[in-house]
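Note sheet for the following structure.
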Amino acid sequence: MAAVLLTGHGGPDKLVYRTDVKVPSPAPGEVLVKVTACGMNNTDVWVRQGAYGTEEDAAAVSTWRRQGNTLTFPRIQGTDTVGNIVAVGEGVSSA
Numbered sequence: 006m007a008a009v010l011l012t013g014h015g016g017p018d019k020l021v022y023r024t025d026v027k028v029p030s031p032a033p034g035e036v037l038v039k040v041t042a043c044g045m046n047n048t049d050v051w052v053r054q055g056a057y058g059t060e061e062d063a064a065a066v067s068t069w070r071r072q073g074n075t076l077t078f079p080r081i082q083g084t085d086t087v088g089n090i091v092a093v094g095e096g097v098s099s100a
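The opening residue of the sequence shown carries number 6 in our numbering; numbering runs sequentially from there.
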């Protein structure tokens, strides 16, 4: 699949377009969405810049505040997406 990968904290030079990214399989309770459009928001920019700290150390970089774990790279950003569900993981309701 095609994707823009964030390869680390920094400027736009940390974004790499690739067409050979493996299509993921949905885990239990997850769905796989074929994205047809997406937007980038302030959170995407701030994650790229390394702006999120921990609750114990607001100045720390490279952590995701809600989960408290270190971000891994490369990663695909984009939480504002539109698309079609193309696969479902175990336990996903058809409702």
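For every residue, glycine included, the Cβ atom is placed at its ideal position computed from N, Cα and C.
Check                                                                                                                         : Outcome
Is the segment 46-56 touching the segment 29-37 in the sense that three or more CB pairs, one from each, lie closer than 8 Å? : no
Should A100 be labelled buried (16 or more other beta-carbon atoms within 10 Å of its own) or exposed?                        : exposed
Considering N89, what are the terminal residues of the beta strand (DSSP E) in which it resides?                              : 85-93
Along the chain, where does the alpha helix (DSSP H) that runs through V52 open and close?                                    : 47-54
Give the DSSP bridge partners of K39, in chain order.                                                                         : N89
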